[in-house]
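Have a look at the structure below, then the notes.
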Amino acid sequence: MEERELLGVLEKYNQNHLIEHLLKLSESEKSIFIRNLKNVDFRLLNSLYSEFKLGKKIELSLSEIEPPDIIPYPRTEEEKRRENEAKIVGESLLKERKVACLLVAGGQATRLGSPYPKGLFPITPVKGKTFFQLFSEKILALSRKYSTEIPLLIMTNPETKEQIEEFFERHHFFGMRRENVIIFDQEVLPVLDMDGKLIIKNRTEIFLSPNGHGNSIKRIYDLGILEALFERGYRYLFYFQVDNPLVRIADPAFLGYHILSGADVSLKIVRKEREDEKIGLYLKISGRPAIVEYSDLSMDIASIRDRDGNLLFWAGNAAMHVFSIDFIKRLNLQGFTLPYHSAIKNAYLGKDGEELKVIKFETFVFDSLRWTERVCAVEILREEEFSPVKNREGPSSPDTARRDMSNLFRKWLALCGIDLPKDIRCEISPFFALDATECREKIKGRRIEIGDEIYLE
Ligand code: UTP
């Protein structure tokens, strides 16, 4: 784009402050600034801002929504039998090298406020392993168990990619084969101030922000990563987010349910704790499965209870999915675009990193449900699989995640007849056991030293 053309675009979209800035730059700075602005889709930003201003909000009405079908957490003998059947199917997929993992780690973790990417945050209760180490060990343990290879795709953002690559290099990919760890960066969009203006970061740059985890299923296609996996024979992706240390990566039963139900996408569901819990909600809208933001449901509807006193719309999205690679390919071949969602967030901008309210636009991976032919949803228990770290303190913080990890491992040991006092921190390495059953087998006949804390490896 020529300078004159750019000036015209900036004027058309009310970005005159950028023109003033541009005119103050030296020739060399100018060409960098212009290059940086070249890729900005001003038309898109303008229409997203107009929508934001209108406050276009879908508040769903009761007549159009209904609770969806969900495979219940196995409590009865029959449910346990079905889970076991699914597990056998999932195990064979793993053994046949048909499953890879997609970890989205491109977010900015502003609520946690960590000085480094969230994946590098120490999280396990005794050893303080980082999220990335923990996930890598889970994948490696699973790969050994099924004599298989499970590639791990990691989506970062452009600012964190190098640091994350360097971290994996330094730790020798935590024992995984280097070829099986594929790190790529996602796309970005400018953030806007509350008046819809782009924000100048320094003489040559504007402020950008990653454009949401929805980008992952487009980016892996555009970069040829999906095709390369497909050629190696992989057919399914287990999708998870960087902030949940309890995730059961590539859980065989979940994979099996996906296959048995012929789904394009599967999801794990947790029961909402309260009607006002801020968690995405899985439901059916006009007969079609969808996930909506908690704010799309009025409090009146969110608090409806059934005859037993349980929430009618209880299905919280735990952000763990299985995607059929065929489905992702199909979407991309059709040239799909996910809708953008806007949110006001705090950002640390300016010379001294001052806090500012900005508008960010993101796409969400679960909006791909609208193109599915079949979806499979599986209920899980929070205490077994879901404890995301979002905030620095209070609920959903590192403290609650460490507590939940410790409690889960304590429960596994209790099932082996080892009762620990409540205040003992407890950690079980994925190499020791990936679940309660494995733990029981390992413990059989072993003496466990109980000190101030317990770590089993
Ligand atoms: P969150 O919505 O919790 O956002 O992301 P966040 O950026 O981590 O945290 P805040 O809102 O700034 O405090 C859920 C998951 O989606 C990933 C995150 O890394 C996390 O695993 N994500 C989010 C991306 O990969 N890219 C994005 O653009 C946004």
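If you read the sequence shown in this note's numbering, its first letter stands for residue 423, the second for the next number, and so on. Here a beta-carbon is modelled for each residue, glycine too, at the ideal position from N, C-alpha and C.
According to DSSP, which residues form a beta bridge with E849?
Y877
Looking at the secondary structure, which residues open and close the beta strand (DSSP E) in which R693 lies?
V687 to R693
Which residues have a Cβ closer than 7 Å to any heavy atom of the ligand UTP, listed in chain order?
V526, A527, G528, G529, Q530, A531, T532, R533, L534, K540, M577, N579, Q608, P632, N633, G634, H635, N637, S638, Q663, V664, D665, A741, K767, E784 and K812
Less than 7 Å between the beta carbons of K694 and L753, yes or no?
no
So, helix, strand or coil for I766, using DSSP?
strand
Top-ranked residue by Cα proximity to D665, from A823, V800 and L778
A823
F543 - DSSP class collapsed to helix/strand/coil
coil
Rounded to a whole number of angstroms, what is the C-alpha to C-alpha distance between L562 and S851?
11 Å
To the nearest angstrom, how far is the alpha carbon of F676 from that of R727?
28 Å
Note down the Cα distance separating I480 from V714, rounded to an integer number of angstroms.
10 Å
Just to confirm the assignment, what range does the beta strand (DSSP E) spanning N602 have?
Careful: N602 lies outside any beta strand (DSSP E) and carries neither H nor E.
Residues in its own chain within less than 8 Å of I707 by CB, not counting five upstream and five downstream?
L482, E486, I487 and V714
Tell me the DSSP bridge mates of G738?
V692 and L703
C-beta contact flag for E559 and R519 at 7 Å
no
Residues bridged to A522 (per DSSP):
L659
Whole-Å CB distance - Y704 paired with A799, under 8 Å assumed:
6 Å
Tell me whether K812 is buried or exposed, calling it buried when 16 or more other Cβ atoms sit within 10 Å of its Cβ.
buried
Taking only the alpha-carbon atoms, compute the straight-line gap between E863 and M742 and give it to the nearest angstrom.
27 Å
Report buried or exposed for R670, applying the criterion of at least 16 other Cβ atoms within 10 angstroms of its Cβ.
buried
Which ranges does the alpha helix (DSSP H) cover as unbroken runs of at least 4 residues, wholly within the region 777 to 817, from first to last along the chain?
804 to 807
Rounded separation between G646 and I628 - CA only:
29 Å
With a threshold of 16 other CB atoms inside 10 Å of the CB of H680, please say whether the residue is buried or exposed.
buried
Endpoints, the beta strand (DSSP E) within which S514 is located:
Not the beta strand (DSSP E): S514 falls in the alpha helix (DSSP H), residues E499 to K517.
Rounded to whole angstroms, what is the Cα-Cα separation between E776 and N768?
10 Å
Take every Cβ of the region 828 to 843, pair it with every Cβ of the region 518 to 533, and state whether three or more of those distances are shorter than 8 Å.
no
Identify, in the order they occur along the chain, each residue of the same chain with its Cβ nearer than 6 Å to the Cβ of R533, setting aside the five sequence neighbours on each side.
K812 and N813
Sort G684, S448, F554 and S790 by Cα distance to H594 and report the nearest one.
F554
Measure from the alpha carbon of D821 to the alpha carbon of each residue in P843, I622, Y643 and T546, then state which is nearest.
T546
Which residues in the same chain as T582 place their Cβ atom closer than 7 Å to its Cβ, once the five residues preceding and following it in sequence are excluded?
P539
Mind the definition here: the region 494 to 502 touches the region 796 to 810 only if three or more C-beta pairs lie below 8 Å; say whether that holds.
yes
Grab me the residues of W834's own chain with a C-beta within less than 6 Å of its C-beta, minus the 5 sequence neighbours each way, in chain order.
A858 and C861
At least three beta-carbon pairs within less than 8 Å, the region 755 to 769 to the region 782 to 793
yes
Cβ-based neighbour list, L668, same chain, cut-off 8 Å, excluding 5 preceding and 5 following
E806, E807, F808, S809, A823, D826, M827 and L830
Could you have a look at T552 and say whether DSSP puts it in helix, strand or coil?
strand
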